[in-house]
Structure formats: structure tokens, C-alpha cells
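Since the structure comes first, as C-alpha cells, the remarks are kept for the end.
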Amino acid sequence: MSKRILVVDDAAFMRMMIKDILTKNGYEVVAEAADGLQAIEQYKEHKPDLVTMDITMPEMDGIHSLKEIKKVNPNAKVIMCSAMGQQAMVIDAIQAGAKDFIVKPFQADRVIEAISKTLG
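Residue numbers (the UniProt record's numbering): 1 to 120.
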């Protein structure tokens, strides 16, 4: 059975890129969200196997959203996505429970490596 993934990014173009990489590699994108609040709603509704989460978003940022998702499911698997040079945020994300971190612009093989490693 293909693994179900929730893609969270405020940029539709980025969501499309990740979705494309995932579907080409046999993953199923069950939902998308454009901000942290939507991410929590979509997580509760779809219960995905994994979430790719942008850090910088309107309404609620990725780290806050990650913490909320962890309250819903302490075993949630979340991989953070962010632009270069946000090391402090990366550390915050890992401390908040993120499983891995992908840097934008995305390299398809790095995305797949992070996801397959996180999903086991």
C-alpha cells in the first residue's frame, strides 16, 4: 500500500513540486495545506503517514503547527522544508519533534531519501 502524505507549503508552486516528486515515486498525496492552521485540520481529517511542512507560512508557522500536530498524535512523522540559512529554525524544528529537514530548492533524491528513511 502506498504511503499517504500531507504536503504543507504556502507556495502553490512548491506544493506542486513536492507532489510531483512524491507521486512519481509511488507515494500518495492525500491532502495539501497552505498554512499551519490548515495543516492541523488536514492532519486530523486525513491522518497521513507523513507530513512535509514548510517553516515560514502565514497564519501559523510550521514549527507551531508541528507542535500542535504532535499534540494530536505524538507519533506523527513530520519532515520540515525550508530555504537556505535558517539553521536556528532547523534546530527548533528538530527539538519540536521533526524527523528530518529538507532544504529548498528541492532535490528529488534528497526528498525521497528523507521520506523513506523517516517511514522506515
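We put the CB at the ideal spot given by N, CA and C, even for glycine.
Bear in mind that the values here come from a model prediction, so they are computed numbers and not experimental data.
Roughly how many whole angstroms lie between the Cα atoms of residue i and residue j?
i, j, result
"A31", "R4", "9 Å"
"Q107", "K19", "13 Å"
"H64", "P74", "14 Å"
"A12", "M60", "17 Å"
Using the beta-carbon count (16 or more within 10 Å), is residue i buried or exposed?
i, result
"I91", "exposed"
"P58", "exposed"
"T23", "exposed"
"P105", "exposed"
"G120", "exposed"
"V78", "buried"
"I94", "exposed"
"M16", "exposed"
Within the same chain, show all residues whose beta-carbon is closer than 7 Å to that of residue i, passing over the 5 residues directly before and after it, in chain order.
i, result
"R110", "I102"
Using C-beta distances below 6 Å, list every residue in its chain close to residue i, excluding the 5 sequence neighbours before and after it, in chain order.
i, result
"A33", "V8, A39 and Q42"
CB-CB under 8 Å to residue i, same chain, minus the five flanking residues each way: which ones, in chain order?
i, result
"L6", "V29, V30, A31, E32, A33, A39, Q42, Y43, H46, P48, L50, V51 and T52"
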